[in-house]
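Residue numbers (the working numbering), protein chains in the order written: chain A, 3 to 335; chain B, 3 to 335.
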């Protein structure tokens, strides 16, 4: 999960436009078991980051943002479809502090209403201007396949004993980052950007996405819990294979004592959560892992900027995009 | 399940072309947990009725059938996606006498590889000539949504005590018949048929589809088991809400003795399968239900012909299509 706090004024206007369009959107009514979960899921809110990125990508290339709405809604529908299905697979009880679809209804309804959302996403995308449609469809489907691959890798890695940092980075790239890049590129294509510029936009978004996911890993342990609004160390308690844990597992290989301690905590059948978080955080600190994570984060942030600077648009526009990307970064770290 | 035996020569050529294209198709390789189930499912065979219908629809309007391959494959991918997800929902262990995807792998893999198949179906469809693409996409998505609605209704009706014949007919129309109509119409659109003719083609296929499903209900009980290749009365043993059972339930309302007997068999916690099949078949026979089912079947078959006769193409072509539709009807009834 990446953090999505946005304050910027035009951004807020895009958010409002998306929210209003979603509110007015009718998905269908019969059978209600199919459509109520879709209405429910789409009304759970969130910052609508991905559809906003479609608008931003379009505006960045001076495009007509009125053309961005349908593709933006398509992206949001797709994103929510993945959440519904991922939540079944992860057996997650809550999403945005509300019951997940498969909990509120059941697994079968969640499978089928998710399927319907994916079709509805394509229907929404197909309302785009027909000149751009083939390119948009190609990008949308390619991105969708990657997101599925990323989710499968994530599930594989949960059961795998050893996951390398390279494998982890590839997984978060596919599962999370390509959809951010894809959203920006979709906006670029709507604005009529050339393929190379649009692709640079995609790579910018992708690397920003990877940096955000890494930051999310760090924040879980090191954020000011009150400001971040989440239980501190939730990932540690759940043995979630984050960058921090994988890096620690890699590094303790050469330190028998630390290795034993870390594995003991990971394998403990019962434990005091606070104690476990403190003990593993101490190991992270000793190994300087937050710093290593920030270095990796910075690397992707800088790569993102490299792609951005390749694009021939006004420096002011680029600066706006950077400011927006920075605004997504939570300041407490 | 509708019966799909085809012998016709050009049909066999279409089948071969589809089979070859499917055999050569690469879906992806990494992660293998995502792509092996897709390869597996798509190689399980079957008569490829739906993609064949795309070719037939195209040929019917004198279109260039070389343009029909991609949409045909898209339809077959979509159909198989629905089978993968339906099998999870129905907890079905077997499909075409082989393990279902969720049994051979697991539910999560079946959900995700199914999702990927749906996206791959769109990717395949998008290889269609761009002039026809918007119409094809519209038809494809509309049909896909209806199939999802049909599956949801089917699940609803499993748990519902009273399901009317009208509800049942609407359910099989959505779950099964519209995809047959949609396949034919897709071929018609590729051939450049006008909207009205293409829609008549759709309605022809839809009503033939309803007739076939009704026939399937009858065959389960009354077919020569050896020729039909299925356990006789499987639907009766499983209390499956077929046309026969629903009609019987409706008719026994006015006959206290039969009502009690039928409900006793339906609610029996344990029973001898052969005895149950014989007893319920006797009730069906007494109520003349096979004849009523055939009347309903005939009604839809005749409606199909009415739509066909609305279309302005050579009578010879129409006769070919009728011959093909008839060839799908199993002769043992």
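Glycine is no exception: its CB is placed at the ideal position from the N, C-alpha and C atoms.
Pull up the CB-CB distance for residue i and residue j, whole angstroms please, since I reckon it's below 8 Å.
{"i": "residue 62/A", "j": "residue 70/A", "result": "Going by Cβ atoms, the distance from residue 62/A to residue 70/A rounds to 11 Å, so no, they are not a contact pair."}
{"i": "residue 245/B", "j": "residue 167/B", "result": "7 Å"}
{"i": "residue 36/A", "j": "residue 150/B", "result": "6 Å"}
{"i": "residue 44/A", "j": "residue 22/A", "result": "Rounded, the Cβ-Cβ distance is 13 Å, inconsistent with contact."}
{"i": "residue 81/A", "j": "residue 90/A", "result": "The Cβ separation is near 16 Å, so there is no contact."}
{"i": "residue 307/A", "j": "residue 182/A", "result": "Their Cβ separation, rounded to whole angstroms, is 15 Å, which puts residue 307/A and residue 182/A out of contact at 8 Å."}
{"i": "residue 137/B", "j": "residue 191/B", "result": "5 Å"}
{"i": "residue 113/A", "j": "residue 113/B", "result": "6 Å"}
Between the Cα of residue i and those of the options, spot the shortest distance and give me the residue it belongs to.
{"i": "residue 146/B", "options": "83/B, 205/B, 93/B", "result": "83/B"}
{"i": "residue 152/B", "options": "273/A, 32/A, 288/A", "result": "32/A"}
{"i": "residue 312/B", "options": "262/B, 288/B, 201/B", "result": "201/B"}
{"i": "residue 41/A", "options": "328/A, 51/A, 102/A, 295/A", "result": "102/A"}
{"i": "residue 132/A", "options": "140/B, 89/B, 172/B", "result": "140/B"}
{"i": "residue 239/A", "options": "283/A, 321/A, 288/A, 119/A", "result": "283/A"}
{"i": "residue 188/A", "options": "172/A, 205/A, 177/A", "result": "205/A"}
{"i": "residue 247/A", "options": "259/A, 264/A, 257/A", "result": "264/A"}
{"i": "residue 219/A", "options": "207/A, 249/A, 308/A", "result": "249/A"}
{"i": "residue 60/B", "options": "243/B, 315/B, 329/B, 271/B", "result": "315/B"}
{"i": "residue 280/B", "options": "258/B, 234/B, 271/B", "result": "234/B"}
{"i": "residue 108/B", "options": "28/A, 11/A, 157/A, 191/A", "result": "157/A"}
{"i": "residue 208/A", "options": "254/A, 111/A, 30/A, 304/A", "result": "304/A"}
{"i": "residue 296/B", "options": "94/B, 217/B, 92/B, 65/B", "result": "217/B"}
{"i": "residue 277/B", "options": "236/B, 95/B, 193/B", "result": "236/B"}
{"i": "residue 161/A", "options": "191/A, 241/A, 26/A", "result": "241/A"}
{"i": "residue 298/A", "options": "65/A, 211/A, 266/A, 256/A", "result": "211/A"}
{"i": "residue 65/B", "options": "85/B, 257/B, 193/B", "result": "193/B"}
{"i": "residue 118/A", "options": "95/B, 136/B, 110/B, 143/B", "result": "143/B"}
{"i": "residue 27/A", "options": "72/A, 51/A, 50/A", "result": "72/A"}
{"i": "residue 180/B", "options": "199/B, 148/B, 34/B", "result": "148/B"}
{"i": "residue 289/B", "options": "92/B, 255/B, 12/B", "result": "255/B"}
{"i": "residue 111/B", "options": "126/A, 111/A, 92/A", "result": "92/A"}
In chain order, what residues of the same chain lie with their CB nearer than 8 Å to the CB of residue i, ignoring the 5 residues before and after it?
{"i": "residue 98/B", "result": "46, 47, 48"}
{"i": "residue 53/A", "result": "16, 20, 74, 75, 77, 78, 185"}
{"i": "residue 320/B", "result": "310, 311, 313"}
{"i": "residue 251/A", "result": "164, 264"}
{"i": "residue 155/B", "result": "169, 172, 173, 176, 177"}
{"i": "residue 292/A", "result": "220, 223, 224, 246, 286"}
{"i": "residue 328/B", "result": "none"}
{"i": "residue 243/A", "result": "159, 160, 165, 170"}
{"i": "residue 273/B", "result": "267"}
{"i": "residue 261/B", "result": "254, 255"}
{"i": "residue 270/A", "result": "278"}
For residue i, I'd like the list of residues in its chain whose CB is within less than 6 Å of its CB, leaving aside the five on either flank, ordered along the chain.
{"i": "residue 87/B", "result": "116"}
{"i": "residue 275/A", "result": "239"}
{"i": "residue 1/A", "result": "The requested residue 1/A is not part of the displayed model; chain A covers only 3 to 335."}
{"i": "residue 195/B", "result": "63"}
{"i": "residue 6/A", "result": "Low per-residue confidence applies at residue 6/A: pLDDT is 46, beneath 50, and the placement is therefore not dependable enough to give any value."}
{"i": "residue 330/A", "result": "none"}
Once the 5 residues before and after residue i are set aside, which same chain residues still bring their CB inside 7 Å of it?
{"i": "residue 333/A", "result": "Reliability fails at residue 333/A, whose pLDDT of 45 lies under 50, so the model's placement of it is uncertain and no value is given."}
{"i": "residue 123/B", "result": "76, 79, 80, 83"}
{"i": "residue 29/A", "result": "37, 40, 41, 122"}
{"i": "residue 294/A", "result": "249"}
{"i": "residue 94/B", "result": "102"}
{"i": "residue 100/B", "result": "46"}
{"i": "residue 134/B", "result": "191, 192"}
{"i": "residue 126/A", "result": "72, 75, 76, 79"}
Exercise. Taking a Cβ distance cut-off of 7 Å, strictly less, list which residues of the segment 83 to 97 of chain B are near chain A, in chain order.
Key: 87, 90, 91
Quiz item: Given a limit of 9 Å on CB to CB distance, which residues of the segment 57 to 82 of chain B reach chain A?
Solution: none
Quiz item: Mind pulling the alpha helix (DSSP H) runs of 4 or more residues that sit fully within the segment 160 to 245 of chain B?
Solution: 167 to 174, 180 to 192, 197 to 224, 227 to 230, 236 to 239
Practice problem: Scan the segment 238 to 267 of chain A for residues whose Cβ lies nearer than 7 Å to a Cβ of chain B and list them as they occur along the chain. | Solution: none
Practice problem: Identify every run of the alpha helix (DSSP H) within the segment 277 to 318 of chain B, keeping only runs that are complete inside it and at least 4 residues long; order them along the chain. | Solution: 291 to 312
Quiz item: Going along the chain, which residues of the segment 28 to 58 of chain B sit with their C-beta nearer than 8 Å to a C-beta in chain A?
Solution: 30, 32, 33, 35, 36
Self-check item: Complete runs of the alpha helix (DSSP H) confined to the segment 96 to 145 of chain A [at least 4 residues]
Solution: 103 to 106, 109 to 127
Practice problem: Pick out the complete alpha helix (DSSP H) segments inside the segment 16 to 104 of chain A, 4 residues or longer, and give them in chain order. | Solution: 34 to 44, 51 to 62, 71 to 91
Quiz prompt | Proximal residues, the segment 146 to 172 of chain B versus chain A, C-beta separation under 8 Å | solution = 146, 147, 150, 151, 153, 154, 155, 157, 158
Practice problem: For the segment 113 to 126 of chain A, enumerate the residues whose C-beta is nearer than 9 Å to any C-beta of chain B, in chain order. | Solution: 113, 114, 115, 116, 117, 118, 120, 121, 122, 124, 125
Practice problem: Quick one: which residues of the segment 127 to 140 of chain B get their C-beta closer than 8 Å to a C-beta of chain A? List them in chain order. | Solution: 128, 132, 135, 136, 139, 140
Self-check item: Residues, ordered as in the chain, of the segment 184 to 200 of chain B that lie near chain A by beta-carbon distance below 9 Å
Solution: none
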